[in-house]
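In mature numbering (1 follows the signal peptide of the UniProt record, and there is no 0), the protein residues as written are -19 to -1, 1 to 251.
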């Protein structure tokens, strides 16, 4: 089948337009070779703290190679907790966005602390699955039958994590239903789009780890990655959602990343 890539770009543009009315941005800082460059903003020390934690938790070679900016903002509690945004069409430079009301590593609230780690692991998952080693630029707008996955960032390499994930878990009826939602609802307005995506989740809830995962293959693989990092291996998976957690164990480098991240976050989660 051919399927149009409308949802991600549309929802992003709607979200930005909607969020701009209530978001407060505290500043933007450059990151060079893993080092945050402070500026005149009164939030520079806070930005340095957030970056120090991110750089400590995740593999430094990936952080150094791809992260070029960090933005601190808020849109209130438990709205948009963070984001990872490509800064160029080659997917070689990325911006990390953090909501300072949601991500707090100094809190004594264990739930908030866990959610802070969750946000970081989730956003790193986007970097891991969408960077230039995984997705290449393309002018194609549609994905033909048998071709590697196409999204807003470009076309996935054949052996990329996301192409393998989509090929295994997003095919047949599910992908067709998701495609119909994009064409019929996500062009129109955000509420109908989100409602239909939630219905998709409820109709296929054993296939997704969270309702947010049903928003797109990009969110699905990252929610699955986050569960892979923060939970244990499912010994006898019975649902597709559980198989998604175990998907990452076939990659030795990702198992090594998991071990690294678990070690670095142990002080927060125990």
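C-beta atoms are modelled at their ideal positions from N, C-alpha and C, and glycine is treated no differently.
With distances taken Cα to Cα, identify the nearest neighbour of residue 65 among 95, 110, 23 and 94. The sequence position of residue 65 within the chain shown is 84, counting from 1. Comparing Cα positions, the closest option is 110.
Three CB pairs or more closer than 8 Å across the region 60 to 80 and the region 228 to 242: no
Does the region 101 to 118 come close enough to the region 30 to 50 to have 3 or more Cβ pairs within less than 8 Å? yes
In this structure, how does DSSP classify residue -9 when only helix, strand and coil are distinguished? The residue you call residue -9 lines up with position 11 of the chain shown. Interpretation of residue -9 is limited by its pLDDT of 35, a score under 50 that renders its predicted location unreliable; the figure taken from the coordinates is listed afterwards. Looking at residue -9 - three-state DSSP - the assignment turns out to be helix.
Distance CB(residue 14)-CB(residue 49) smaller than 8 Å: On the chain shown, residue 14 is found 33 positions in, with the first residue counted as 1. On the chain shown, residue 49 is found 68 positions in, with the first residue counted as 1. It is not a contact, given that the beta carbons lie outside the stated cut-off.
Going along the chain, which unbroken runs of the beta strand (DSSP E) with 3 or more residues stay wholly within the region 71 to 136? 75 to 80
Report the option in 115, 114 and 153 whose CA atom is closest to the CA atom of residue 126. What you label residue 126 is simply residue 145 of the chain shown in a count that begins at 1. Of the candidates 115, 114 and 153, the one whose C-alpha sits nearest the C-alpha of residue 126 is 153.
I believe residue 52 touches residue 84 by the beta-carbon criterion, under 8 Å. Please report the beta-carbon distance rounded to the nearest angstrom. The sequence position of residue 52 within the chain shown is 71, counting from 1. The sequence position of residue 84 within the chain shown is 103, counting from 1. The Cβ separation is near 12 Å, so there is no contact.
Expressed to the nearest angstrom, what Euclidean distance is found between the alpha-carbon atoms of residue 240 and residue 76? For the purposes of this step, residue 240 is taken as residue 259 along the chain shown, with counting starting at 1. For the purposes of this step, residue 76 is taken as residue 95 along the chain shown, with counting starting at 1. C-alpha separation (whole angstroms): 25 Å.
Can you say whether residue 202 is buried or exposed, counting buried as having 16 or more other CB atoms within 10 angstroms of its CB? The sequence position of residue 202 within the chain shown is 221, counting from 1. Residue 202 should be labelled buried.
Terminal residues of the alpha helix (DSSP H) in which residue 49 lies: Within the chain shown, numbered from 1, the residue matching residue 49 stands at position 68. Where residue 49 is concerned, there is no enclosing alpha helix (DSSP H), although the beta strand (DSSP E) it sits in stretches over 48 to 55.
Delimiting residues of the alpha helix (DSSP H) encompassing residue 221: The sequence position of residue 221 within the chain shown is 240, counting from 1. Taken as a continuous stretch (DSSP letters only), the alpha helix (DSSP H) holding residue 221 covers 221 to 227.
What residue does the alpha helix (DSSP H) around residue 202 start on, and which one ends it? Here the question's residue 202 lines up with position 221 in the chain shown. Counting along the chain, the alpha helix (DSSP H) containing residue 202 begins and ends at 198 to 211.
DSSP-derived helix/strand/coil call for residue 153: Taking the chain shown and counting its residues from 1, the one referred to as residue 153 is at position 172. In the structure shown, residue 153 sits in coil (DSSP, three-state: anything other than H, G, I, E or B).
Would DSSP call residue 5 helix, strand or coil? Position 24 of the chain shown, counted from the first residue, corresponds to residue 5. Residue 5: strand per DSSP, three-state reduction.
Given a cut-off of 8 Å, decide if residue 56 and residue 92 are closer than it, judged by their beta-carbon atoms. As a first step, residue 92 is located in the chain shown; it is residue number 111 there, counting from the start. As a first step, residue 56 is located in the chain shown; it is residue number 75 there, counting from the start. No.
What did DSSP end up calling residue 148 once you bin it into helix, strand or coil? Your numbering for residue 148 matches position 167 in the chain shown. It is helical.
What's the call for residue 246, buried or exposed, on a 16-neighbour Cβ count within 10 Å? Looking up residue 246 in the chain shown gives position 265. Buried, since its Cβ has 16 or more Cβ neighbours within 10 Å.
On the three-state DSSP scale, how would you describe residue 18? In the chain shown, counting from the first residue as 1, residue 18 sits at position 37. Here residue 18 sits in strand by DSSP.
If you count every other CB in all the chains shown that lies within 10 Å of the CB of residue 23, and 16 or more means buried, which is it? For the purposes of this step, residue 23 is taken as the residue at position 42 of the chain shown. With fewer than 16 other Cβ atoms within 10 Å, it is exposed.
Between the C-alpha atoms of residue 186 and residue 18, what's the straight-line distance to the nearest angstrom? Reading the chain shown from its first residue, position 205 is the one you call residue 186. Reading the chain shown from its first residue, position 37 is the one you call residue 18. Roughly 44 Å between the two C-alpha positions.
DSSP three-state call for residue -4: helix, strand or coil? Residue mapping note: residue -4 aligns to position 16 of the chain shown, counting from 1. Confidence at residue -4 is low in this model, with a pLDDT of 38, below 50, so the placement of that residue should be treated as unreliable; the coordinate-derived value is given next. Residue -4: helix per DSSP, three-state reduction.
Own chain residues within Cβ distance below 6 Å of residue 29, not counting five before or after: Translated into the one-based positions of the chain shown, residue 29 becomes position 48. Hits under 6 Å: 17.
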